[in-house]
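Asker: Numbering (the numbering used here), first residue to last: 18 to 272.
Here a beta-carbon is modelled for each residue, glycine too, at the ideal position from N, C-alpha and C.
Dropping a structure here in structure tokens format, bear with me for questions.
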Ligand SMILES: C[S@@+](CC[C@H](N)C(=O)[O-])C[C@H]1O[C@@H](n2cnc3c(N)ncnc32)[C@H](O)[C@@H]1O
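Written out as structure tokens, the structure is:
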């Protein structure tokens, strides 16, 4: 299966279906950012601490797998030099929509998060990478590419899922039940029953991967990053998140 090709169509469908992570920021939010009032999410609800970014005016920023008209437009409104790379044309169209509506400059790149070969070494001072590496089967190539395209001293801000989520039967979670059944690392393609996977693919929804923390956190360190910030977050209406936050965010610096 060509996973990136499948995810591209699946995310285009998510845009049509109105998934919250495809809804662009409002003109009011862009205007507020221009006044210096802003919040950027890497995870469902907590604003990234502003000192994780530093002064962004003029900064070369890559918003990685970050289409949907959210992080890119806010950073552009703050004066950053923004490139948004995403695998879904419909997600990139949301950034284009905001840029046109609000007079922002944003470079749009259709591509895969694990292949940044179009960018030279040291092209960016900051990478903003909201929860999205659950859509690739391997995360370590993403960390290596991020390290390469960042300049020395640059920072990578990433949101990702707590793999504990994937220990539970994914169909039962949708019904509000927590049934322990999967061993880590998790893959929709390999861990679900054939019937459950067939239903998921028939619905055309994105497929997910639950990466080991050794790959999420250890992988960043092995790529050469120094982790300088960490917090947790919850999905507001999911019963499991009452027991444990199921999202993490890290700030990692290229030494
Ligand atoms: C949950 S959305 C994240 C973007 C959103 N702006 C946010 O605030 O969370 C996940 C994004 O990952 C993108 N994506 C999935 N697989 C990808 C890949 N292999 N390379 C690049 N982007 C990918 C999707 O198209 C989608 O826009």
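#1: Using 10 angstroms around the beta-carbon of residue 112, count the other beta-carbons present and answer buried if the total reaches 16, otherwise exposed.
#2: Return the CA-CA distance between residue 261 and residue 39, expressed in angstroms with no decimal places.
#3: Can you give the beta carbon distance from residue 25 to residue 104, rounded, assuming they're within the 8 Å contact cut?
#4: Between the alpha carbons of residue 158 and residue 132, how many angstroms are there, rounded?
#5: Buried or exposed: residue 207, going by 16 or more other Cβ atoms within 10 Å of its Cβ?
#6: Using the C-alpha atoms, what's the distance from residue 225 back to residue 22?
#7: If you compare alpha carbons, which of 143, 61, 85 is closest to residue 30?
#8: Report the residue from 119, 163, 168 whose alpha carbon sits nearest the alpha carbon of residue 145.
#9: On the criterion of 16 or more Cβ atoms from any shown chain inside 10 Å, does residue 237 qualify as buried, or is it exposed?
#10: What residues does ligand 1 have around it, judged by CB closer than 6 Å to any heavy atom, in chain order?
#11: Start and end of the alpha helix (DSSP H) containing residue 219?
#12: Does DSSP put residue 26 in a helix, in a strand, or in coil?
#13: Taking the alpha carbon of residue 142 as the reference point, which residue from 253, 200, 79 has its own alpha carbon closest?
#14: Out of 101, 190, 55, point me to the one whose CA is closest to residue 43's CA.
#15: Under the three-state reduction of DSSP, which class applies to residue 62: helix, strand or coil?
#16: Compute the beta-carbon to beta-carbon distance between residue 101 and residue 138, rounded to the nearest angstrom, for a pair I have assumed lies under 8 Å.
#17: So, using beta-carbon positions, are residue 14 and residue 148 closer together than 8 Å?
#18: Cα-Cα, which of 194, 70, 89 is closest to residue 256?
#19: Could you name the residues of the same chain whose beta carbon sits closer than 6 Å to that of residue 192, not counting the 5 residues immediately before and after it, in chain order?
#20: Would you list the residues sitting across from residue 178 in a DSSP beta bridge?
#21: What number of angstroms, rounded off, separates the C-alpha of residue 209 from the C-alpha of residue 128?
#22: Using a threshold of 8 Å, state whether the C-beta atoms of residue 250 and residue 74 are closer than that.
Answerer: Result, derived from the coordinates:
#1: buried
#2: 26 Å
#3: 5 Å
#4: 8 Å
#5: exposed
#6: 14 Å
#7: 85
#8: 163
#9: buried
#10: 21, 24, 28, 38, 58, 82, 83, 84, 85, 87, 88, 103, 104, 105, 108, 129, 130, 147, 148, 149, 152, 153
#11: 211-220
#12: helix
#13: 79
#14: 55
#15: coil
#16: Residue 101 to residue 138, Cβ: 20 Å. No contact.
#17: Past the boundaries of the shown model lies residue 14; the chain is included only from 18 to 272, so the question cannot be answered.
#18: 194
#19: none
#20: 264
#21: 28 Å
#22: no
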